[in-house]
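Taking our numbering, the leading residue of the sequence shown gets 1081, the next gets one more, and so forth. We put the beta carbon where it would ideally sit given N, CA and C, even for glycine. Quantities reported herein were computed from a predicted structural model and do not represent experimental measurements. Working notes, structure below.
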Amino acid sequence: MRKSLRIKNAREFQSIIGKRHFFTNKCFVLYHVKRSGNQARVGITVSKKLGNAVVRNKIKRQCRMMMQELLTFDEGFDLICIIRGGYLVQSYLQNKKELETLLKKIKIYYDAQSMKEIKDERI
């Protein structure tokens, strides 16, 4: 994932989390916000409760790789991924499936929103 597609600024993290649009499971919390533009941006955060810096950085690298494999980055939204404790219990492939299901929910959510906007325009 290119560095230009990452969210690093704490103010941006807080504004996205403040919108309160999210999906969760036992491994991840994904906050999402539609934005203008045609590229998705991703921010990843791991709590200190999950381990020392080496473990947290490994988790972030794995999550970035999962995002790179699962996202096309051609959709205009910001995504904050918060890693939960359940991540450490499961394997990489199980975690990837969990993340994939959440990303599908987000995609369905935005598809439904765009369909609603199209219907509103017709009226």
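Taking the beta strand (DSSP E) that residue i falls in, what are its first and last residues?
i: residue 1162; result: 1157 to 1163
Please confirm whether residue i and residue j have their CB atoms less than 8 Å apart.
i: residue 1121; j: residue 1150; result: no
i: residue 1163; j: residue 1110; result: no
i: residue 1093; j: residue 1161; result: no
i: residue 1154; j: residue 1118; result: yes
i: residue 1188; j: residue 1103; result: no
i: residue 1146; j: residue 1099; result: no
Using three-state DSSP, classify residue i as helix, strand or coil.
i: residue 1152; result: coil
i: residue 1086; result: strand
i: residue 1129; result: helix
i: residue 1106; result: coil
i: residue 1121; result: strand
Kindly indicate the opening and closing residues of the alpha helix (DSSP H) around residue i.
i: residue 1166; result: 1166 to 1169
i: residue 1098; result: 1090 to 1098
Classify residue i as buried or exposed, calling it buried when 16 or more other Cβ atoms lie within 10 Å of its own Cβ.
i: residue 1113; result: buried
i: residue 1167; result: buried
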